[in-house]
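Trainee:
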Amino acid sequence: MVWLRQNGVAQVEGLTWLTGAISNAEWEGVAVRDVLTYAGVDSDLGMQSELKGEDDQMQLQMEGYDRPKVGNWKDTKGFYGASVPLAWTQDPRRDCILAFKMNGEPIPADHGAPVRCVVPGTAGARSVKWLARLAVAEEESQSHWQQNDYKAFHNSITWDTADFTSLPAIQDMPVNSAISYPAAKQKVELTPAGMLEMKGWAWSGGGRGIARVEVSADGHNWTSAELQRPEGQSLTRSW
Numbered sequence: 046m047v048w049l050r051q052n053g054v055a056q057v058e059g060l061t062w063l064t065g066a067i068s069n070a071e072w073e074g075v076a077v078r079d080v081l082t083y084a085g086v087d088s089d090l091g092m093q094s095e096l097k098g099e100d101d102q103m104q105l106q107m108e109g110y111d112r113p114k115v116g117n118w119k120d121t122k123g124f125y126g127a128s129v130p131l132a133w134t135q136d137p138r139r140d141c142i143l144a145f146k147m148n149g150e151p152i153p154a155d156h157g158a159p160v161r162c163v164v165p166g167t168a169g170a171r172s173v174k175w176l177a178r179l180a181v182a183e184e185e186s187q188s189h190w191q192q193n194d195y196k197a198f199h200n201s202i203t204w205d206t207a208d209f210t211s212l213p214a215i216q217d218m219p220v221n222s223a224i225s226y227p228a229a230k231q232k233v234e235l236t237p238a239g240m241l242e243m244k245g246w247a248w249s250g251g252g253r254g255i256a257r258v259e260v261s262a263d264g265h266n267w268t269s270a271e272l273q274r275p276e277g278q279s280l281t282r283s284w
């Protein structure tokens, strides 16, 4: 696994997420697009700005009530905040909502009560908890977590050498797959035919599905996995 290889060279900064963190919940609330329309924002403002090009997209900035600290040398701008393209929040296919219920109950405090913005398909960092403020703007949120975190660099980059201005913030989650069996460093036995059964899952963000999964033991020879669709999940695939 990538995190094992990286920690073998130097300890990875922040939390070690292993193969990722995914949870399942039913959210209930109001559509962000309806709230914006009620506040007087043109319903096609985001789409019109998107047509002008990526650099000219209007943004929906979200600010939470929390004021986390991440170290004296990092400027947190005083609040937890994030932003996504305005067009996404006005697109009915995106299902962006201001949620006030989780699994049929008022959202627990740990999950963002009383109101949380839920942006499906994107990195969880964009679903701001304890929502305090929304703003339609011409620029991204200037929060530390939008500008100086949640960006994907290659393995040789460290916190000391990273140029966070050189990359955009992660929005849609990229295609991803993980091996759930066997576990990392688990001792395994091959069948008499020299085979090993492996199991895992695969998914992608932004409402995109999985077409295939291929597995390799040496990085050169690949075998197509058998895909299964978990009940009630139209995009995620187990294999």
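Residue 202 in our numbering sits at position 157 of the sequence shown; the count goes up by one each step and never skips. Ideal Cβ placement from N, Cα and C applies to all residues, glycine included.
#1: Between the region 124–144 and the region 86–99, do at least 3 Cβ pairs fall closer than 8 Å?
#2: Mapping DSSP to helix, strand and coil, what is Gln104?
#3: Between Val163 and Trp72, which are expected to be in contact by the criterion C-beta below 8 Å, what is the C-beta distance as a whole number of angstroms?
#4: Since Tyr125 contacts Ser188 with CB under 8 Å, what's their CB separation in whole angstroms?
#5: Specify whether the region 144–163 and the region 72–85 touch according to this definition: at least 3 beta carbon pairs, one from each stretch, less than 8 Å apart.
#6: Is it buried or exposed for Ala214, if we count other Cβ within 10 angstroms and need 16 for buried?
#7: What did DSSP end up calling Phe145 once you bin it into helix, strand or coil?
#8: Verify whether the separation of the beta carbon atoms of Trp248 and Ile67 is less than 9 Å.
#9: Grab me the residues of Gly251's own chain with a C-beta within less than 6 Å of its C-beta, minus the 5 sequence neighbours each way, in chain order.
#10: With distances taken between CB atoms, is the gap from Val173 to Glu108 smaller than 9 Å?
#11: Which residues does DSSP list as the beta-bridge partners of Asp217?
Mentor: Let me lay it out:
#1: Here the region 124–144 lies against the region 86–99, with 3 or more beta-carbon pairs under 8 Å apart.
#2: Here residue 104 is taken as the residue at index 59 of the sequence shown, counted from 1. In this structure, Gln104 counts as strand in the three-state DSSP scheme.
#3: Counting from 1 along the sequence shown, the entry for residue 163 is found at position 118. Counting from 1 along the sequence shown, the entry for residue 72 is found at position 27. Indeed, because the Cβ distance is near 5 Å, the residues count as touching under 8 Å.
#4: As a position in the sequence shown, residue 125 is number 80, starting the count at 1. As a position in the sequence shown, residue 188 is number 143, starting the count at 1. Yes, Tyr125 and Ser188 are in contact; Cβ-Cβ is about 6 Å, under 8 Å.
#5: Taking 8 Å as the limit for Cβ pairs, the verdict is that the region 72–85 does touch the region 144–163.
#6: Translated into positions along the sequence shown, residue 214 becomes position 169. Ala214 should be labelled buried.
#7: Position 100 of the sequence shown, counting from 1, holds the residue named residue 145. In the structure shown, Phe145 adopts extended strand secondary structure according to DSSP, grouped into three states.
#8: Your numbering for residue 248 matches position 203 in the sequence shown. Your numbering for residue 67 matches position 22 in the sequence shown. One thing to note: Trp248 has its Cβ within 9 Å of the Cβ of Ile67.
#9: Here the question's residue 251 lines up with position 206 in the sequence shown. Counting only Cβ-Cβ distances below 6 Å, and skipping sequence neighbours, we find Gly166 and Asp217.
#10: Sequence index remark: in the sequence shown, residue 173 carries index 128 (1-based). Sequence index remark: in the sequence shown, residue 108 carries index 63 (1-based). Yes; because the gap between Cβ atoms is below 9 Å, this pair is in contact.
#11: Here residue 217 refers to the residue found at position 172 of the sequence shown. DSSP, once it has assigned bridges, lists Thr167 as partnering Asp217.
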